[in-house]
Structures are given as structure tokens and as C-alpha cells.
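Counting in our numbering, the sequence shown runs from -9 upward without gaps.
Report on one structure; see the data block that follows.
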Amino acid sequence: VADYLEEVMAGRLTPVRMEARVIYRNDAEVCVFRRNADVIDVSHPHVSDWREPVTEALDWIRRERTSLVQTVTRRPVLKLAA
């Protein structure tokens, strides 16, 4: 712990919380995925800093879309009598 605090106090690491938010069209927040990360350059975070929450969000969206498609029942086609 002491070594970690020294790195943070020296400015070599910055503890941050990465978030990937799933926002619907009406600006409603549907889901949030978070991960704590120690970032070396806060102005230019590396892919490994934000990959996990973004991947989780994308996987969640794919699962939700699949479940919605599977739950939609097809209605019979109505025919008009002339």
C-alpha cells in the first residue's frame, strides 16, 4: 500500500473511475458499467484503462437486443375481405 501511495503522490499514477453509460434515445440512462483504474496519463488514457467497462456495456446491449428480438411474438397477418 505504501508503494502505491508513493506512486500516486509522485504523480505517476492517478486513480480514476471509468464509466460506460448506456443512454437511450430520449436521454434516459439505462445502465452503467464502472471500473476503477490507475491511469498513467489522465489526458490520454490507454485502451486497457477503459476496455473492460466498454466491453461489458457492448455485451449487455447485444444480450438485451437478442432477448428483445426473441420475446417479440409474431402476429398473424390479417387479410382484408373484398
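Cβ coordinates follow ideal geometry from the N, Cα and C atoms, glycine included.
When only Cα atoms are considered, V37 and R7 end up about 14 Å apart. Sixteen is the threshold: since fewer than 16 other Cβ atoms of the shown chains lie within 10 Å of the Cβ of P66, the residue is exposed. Listed as beta-bridge partners of R25 by DSSP are M8. When the beta-carbon positions are compared, P43 and A(-8) stay at least 8 Å from each other.
In the DSSP annotation of this structure, the continuous segment of the alpha helix (DSSP H) that includes V37 starts and ends at V37 to T61.
For E(-3), same chain residues with a beta-carbon under 6 Å away, outside a window of 5 residues either side, are L3 in chain order. Counting only the Cα atoms, W40 lies some 9 Å from N26.
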